[in-house]
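Comments concern the structure below.
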Amino acid sequence: MLVLDGAAVAVVGIYVTLVLFYLSIGDRESARRWFVKSIWLALWIACPYVLLSIGDSLLEGYGLSVKGSWGALGDAAEKFMEAHRRTRNWIMWEPAEEALLYKSIVLSEFGTLLGKSTSDFFSMLHYASRWFITLYYIVTFIAPFYQIFMILGATMLIEDRFRKVGGFLYSGFLVYGPAFQFLARIVNEALSEPATVTPNPFNPWDFPKTMDYVVHVADYMAKAAYALYRAAIHTTVGFVFATAIAIGVSLALGGVSARLSA
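Taking this note's numbering, I'd label the letters of the sequence shown as residues 348 to 609.
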């Protein structure tokens, strides 16, 4: 946090210079006012360090740290992309199985039946696919800027006019890096399930009854949809929860600022 240290020291230097300036011209009232501001300034300089220390302490049991989580977001993004690929593979796999039935006039009715029996699974997989790719793009977009969040957020915390913006940026830095790592772990658990991998195409003629083939394909589709959709729902809830925490931290910092400035 050397850059942050330099920015904080520069602001402190300005405040102290103002105190000395007003003392030198005999304006003790202004010097007193700026001295009080300097005291609050010192407290706000300590604030980001304390928050970062608390965040790292809470994450220590999970083998994570705030800055370390941001540095490892590339791996998290790859997990989200892999989950998206697998959901897309399943979305394309079932129509290929249907096509095998439609090749035969006798079996074409079973193709319609297979399509209807897997329609709900399609909806689940479509949601999962869109959500995983959304997570991927969010992570790849914000990952390069985490140091800006940290530096600007922590620096702006020490100035009344910018404290709300600083609180928002710094709360985002504290929360979203570790949050995306937790979401990536949820997705990775789903990807470890064999059911999420598309099998080789089945042949309807390998089954004693065509209905057995339909049930077999639908069963495979169901297992994949449940595993991937469950991960999508859990990560959606986790993302909303992380956003609520970030907003709460930001509002708390702004509220403290208003009370101190009153």
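Here a beta-carbon is modelled for each residue, glycine too, at the ideal position from N, C-alpha and C. Computed from a predicted structure; not experimentally measured.
Task: Check: Pro491 C-beta below 6 Å from any heavy atom of the ligand ADP - done: No copy of the ligand ADP appears in this structure; indeed no ligand is present at all.
Open item on the list: At the level of alpha carbons, what is the spacing between Ile498 and Ile489?
Closed with: 15 Å
TODO: Taking the CB atoms as reference points, tell me whether Leu482 and Phe427 lie closer together than 7 Å.
DONE: yes
Open item on the list: My output table needs one value for Asn547: the three-state DSSP class, helix, strand or coil.
Closed with: coil
TODO: Quick one: using the 10 Å Cβ neighbour count with 16 as the cut-off for buried, is Met503 buried or exposed?
DONE: buried
Task: Close-in-space but distant-in-sequence residues of the same chain around Ala569 (CB under 7 Å, 5 per side omitted) - done: Cβ neighbours of Ala569 beyond the five flanking positions: Phe468.
Task: Contact set for Glu536: own chain, Cβ-Cβ below 8 Å, skip 5 residues either direction - done: Ala578
Task: Option in Glu444, Ala591, Arg532 and Gly513 with minimal Cα separation from Ala565 - done: Closest option to Ala565, Cα to Cα, is Glu444.
TODO: Give the range of the alpha helix (DSSP H) segment to which Ala537 is assigned.
DONE: It spans Arg510 to Leu538 - the alpha helix (DSSP H) in which Ala537 sits, taken as one unbroken run.
Task: Stretch-stretch touch, CB-based, cutoff 8 Å, three pairs: the region 515–524 with the region 586–597 - done: yes
Task: Alpha-carbon spacing of Glu540 relative to Phe492, whole angstroms - done: One C-alpha to the other measures close to 33 Å.
TODO: Thinking Tyr567 and Pro546 are a contact (beta carbons under 8 Å), I'd like their distance in whole angstroms, please.
DONE: Contact holds; Cβ gap of about 6 Å.
TODO: State the start and end residues of the unbroken alpha helix (DSSP H) segment that holds Ile489.
DONE: Where Ile489 is concerned, the enclosing alpha helix (DSSP H) starts and stops at Ser466 to Ile489.
TODO: Tell me whether Glu441 is buried or exposed, calling it buried when 16 or more other Cβ atoms sit within 10 Å of its Cβ.
DONE: buried
Task: Beta-carbon spacing of Gln494, Ala423 below 7 Å - done: no
Task: Check whether Ile533 and Thr590 have beta carbons under 7 Å apart - done: no
Open item on the list: My assumption, with CB atoms under 8 Å, is that Leu530 sits in contact with Phe586. Please give the rounded CB distance.
Closed with: 7 Å
Task: DSSP state of Leu370 mapped onto helix, strand, coil - done: helix
- [ ] Could you tell me which of Phe496, Val584 and Arg435 sits nearest to Gly514, measuring between CA atoms?
- [x] Ranking Phe496, Val584 and Arg435 by CA distance to the CA of Gly514 puts Phe496 first.
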